[in-house]
């Protein structure tokens, strides 16, 4: 790391904790929102080509979101490691960790390309694509995979910069990537001058090129702000893979529960499936707000944990929990007030009767959801990955058992799906909070007065 933005005893959080939390969280939130907005633009452009291209886009993006998801552990681990090493003032170690994460990410993404480029058609067919949809989806996946190394560079770079307490540079890079993606979308999807109209393939090409531009920008920023090193320790790579194991198991458990809840809702009929899709998408969007606080908590907790200022670690944890809980209450009230608007705008008429009660249940879950997210961020900051894995496994086992008990033929079954979902969230929130206070098990917080 060429220079440190702060020193442990002069960190702005110590002087203005609330202002620091907000100034960190807002850029993160804006960068998180940028991607789904671009996804909507992609959808709007391709929708003009007809139902078949739009269906192919849906297949391709569904497959790739799951494929690229595997890279998430590199960003999480890098952010925590860089925050902790920055707190210790271990400048050279931070540079080595970042460089290692970049190398491992690119290597994994190249292996992924080697496997999936020839297997894109099989992946598409497994997701139900046939005929022209299969052809377009295969092309989309193959062209998007060409940008996989760039995607991982950007993701790891986000973690590195945020770990170094720089939240604004990732925002500018995220906005730059998404603006370039939108401009290239129009150019390649519909064609212009000597550039032919490529349709769905054009959307994939636009995304890959925009991420390569973003990757170049990211490498320049990381080298300029933090520094990169050729001295890579393979033992640190083993540690990173162990962290990845815990985080992948955790994320797989989370995804399993959400997919199974969707399956149970769809078994109740098209109306329940449609209502569930609306509630789920709004629920995911509101999660971005509390995820921003969780990412802030991860960086700040990691920084003070690395500098062995445990009292400040607890101060960060309690302050970010209050802010996240307040955000959860605001989101709850906003969802309750917006209920009739969402119902009229997004819910089919024949699904309206099923929508209202589950929507209220999902709204009331927001404060618990906020606590689940923020405690995830706090425990990421202390590298408590095994605890997070075990908590998610416990919550998912309980949740799956609860969903199995839902009588899908009953009129109240769809509401029961969301009650089980709230229970799943509450288990995560409860254990996450107890790990902070009073600090159950071998929690890092148990030694803090």
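Residue numbers (the working numbering): 1327 to 1775. For glycine and all other residues, C-beta sits at the position ideal for the given N, C-alpha and C. Keep in mind it's a predicted model, so treat the numbers as computed, not measured.
Beta-carbon proximity of residue i to residue j, cut-off 8 angstroms
i	j	result
residue 1654	residue 1603	no
residue 1477	residue 1383	no
residue 1777	residue 1626	Residue 1777 falls outside the range modelled here, since the chain spans only 1327 to 1775, and no answer is possible.
residue 1700	residue 1620	yes
residue 1378	residue 1462	yes
residue 1695	residue 1613	yes
residue 1687	residue 1744	yes
residue 1698	residue 1751	yes
residue 1282	residue 1684	Within the shown structure, residues of the chain are numbered from 1327 to 1775, placing residue 1282 beyond reach of any answer.
residue 1409	residue 1632	yes
residue 1514	residue 1508	no
residue 1541	residue 1479	yes
residue 1596	residue 1680	no
residue 1570	residue 1403	yes
residue 1489	residue 1419	no
residue 1531	residue 1486	no
residue 1467	residue 1449	yes
residue 1557	residue 1715	no
residue 1577	residue 1395	yes
residue 1356	residue 1562	no
residue 1502	residue 1538	no
residue 1455	residue 1385	yes
residue 1629	residue 1337	yes
First and last residue of the uninterrupted alpha helix (DSSP H) at residue i
i	result
residue 1484	1474 to 1489
residue 1603	1596 to 1632
residue 1418	1417 to 1442
residue 1663	1636 to 1672
residue 1586	1560 to 1593
residue 1547	1526 to 1551
residue 1471	1457 to 1471
residue 1446	1446 to 1452
residue 1403	1398 to 1414
residue 1511	1494 to 1516
residue 1753	1739 to 1762
residue 1716	1711 to 1730
residue 1341	1338 to 1341
Presumed contact (8 angstroms Cβ cut-off) between residue i and residue j, rounded CB distance
i	j	result
residue 1471	residue 1442	6 angstroms
residue 1616	residue 1650	5 angstroms
residue 1645	residue 1406	With 8 angstroms as the limit, residue 1645 and residue 1406 do not qualify as a contact, their Cβ atoms being about 19 angstroms apart.
residue 1367	residue 1511	7 angstroms
residue 1447	residue 1460	7 angstroms
residue 1554	residue 1421	6 angstroms
residue 1371	residue 1500	Not a contact, Cβ separation roughly 20 angstroms.
residue 1533	residue 1473	6 angstroms
residue 1432	residue 1475	5 angstroms
residue 1689	residue 1662	5 angstroms
residue 1380	residue 1389	Going by Cβ atoms, the distance from residue 1380 to residue 1389 rounds to 15 angstroms, so no, they are not a contact pair.
residue 1638	residue 1340	7 angstroms
Cutoff 8 angstroms: residue i Cβ touching any chain C Cβ
i	result
residue 1674	The chain labelled as chain C is not found in the depicted structure, where only one protein chain is given.
Original post:
Where in the segment 1353 to 1379 do unbroken runs of the beta strand (DSSP E), each at least 3 residues long, occur, reported from the N-terminal end onward?
Top reply: Counting whole runs of 3 or more residues, the segment 1353 to 1379 contains no beta strand (DSSP E) stretch at all.
**OP:** Could you say if the segment 1709 to 1727 and the segment 1749 to 1760 meet the contact criterion of at least three C-beta pairs nearer than 8 angstroms?
**Re:** yes
Original post:
Is it true that the segment 1344 to 1363 meets the segment 1415 to 1433, where meeting means three or more beta-carbon pairs spaced less than 8 angstroms apart?
Top reply: no
Subject >> Meets three-Cβ-pair contact criterion under 8 angstroms: the segment 1728 to 1742 and the segment 1581 to 1591 >> reply: yes
Original post:
Can you give, in chain order, each stretch of the alpha helix (DSSP H) that sits fully within the segment 1684 to 1709 and has at least 4 residues?
Top reply: 1692 to 1707
**OP:** Inspect the CB distances between the segment 1391 to 1405 and the segment 1554 to 1574 and report whether three or more fall short of 8 angstroms.
**Re:** yes
Original post:
Are there three or more Cβ pairs, one per stretch, closer than 8 angstroms when the segment 1722 to 1732 is compared with the segment 1673 to 1680?
Top reply: no
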